[in-house]
Amino acid sequence: MAVATVLRRMTWLDRVIVLILLLAAGAAFVLLGNAPRGARVVVEQRGRVIFSAPLAVDRTTTLTGPLGDTLLEIRDRQACITSSPCPHKVCIGMGRIAHRGELLACVPNELLVRIEGEQNEEPSHDLISR
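Residue numbers (our numbering): 20 to 149.
Printed below as a string of structure tokens:
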């Protein structure tokens, strides 16, 4: 179906809903894009921290899981998984993370990589309003 046909069939309420959805998506993009940069990368396996390093120092480290070795690269204040023995390589496809609260997960190899802020940094908001 052509775009012109779809636009002709839309009611005014359809257009309002589409406009609201576009505005919400744009606002989410702007707000999430301004998340604070992280200070450290932390790797957990089965709930235990097995690796922690500052994002400011470029390095590549090997993380060992049940399936084998996973390579974690820290470069340009970003972290990413560059190699993993998992079958589908979803963790590699997740790309780079750099902002506080972002995650990478290699579920088959039981690894969770997350970005944290400074230790003394208080969160800007939480689940309870003050």
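Glycine included, every Cβ here is placed at the ideal spot set by N, Cα and C. The model shown is predicted, which means the values in this text are computed figures rather than measured ones.
What number of angstroms, rounded off, separates the C-alpha of residue i from the C-alpha of residue j?
i, j, result
"Gly114", "Ile100", "8 Å"
"Leu50", "Leu130", "28 Å"
"Ile134", "Thr79", "16 Å"
"Leu41", "Leu26", "16 Å"
"Phe70", "Ala47", "31 Å"
From what residue to what residue does the alpha helix (DSSP H) around residue i run?
i, result
"Arg27", "Val22 to Arg28"
So the beta strand (DSSP E) residue i belongs to, where does it begin and stop?
i, result
"Val126", "Careful: Val126 lies outside any beta strand (DSSP E) and carries neither H nor E."
"Glu137", "First-last for Glu137: undefined, no H or E at that position."
Please list, in chain order, all residues of the same chain as residue i whose beta carbon is under 8 Å from its beta carbon, the five residues on each side excluded.
i, result
"Met29", "Val37"
Please identify the residue among the options whose C-alpha is closest to the C-alpha of residue i.
i, options, result
"Val62", "Thr89, Ala75 and Phe48", "Thr89"
Who are the near neighbours of residue i in its chain, counting only those whose CB is closer than 6 Å to its CB and skipping five residues on each side?
i, result
"Glu121", "Ile134"
"Arg94", "Asp77"
Ordered list of alpha helix (DSSP H) runs contained in the region 69-113, each at least 4 residues: 109-112
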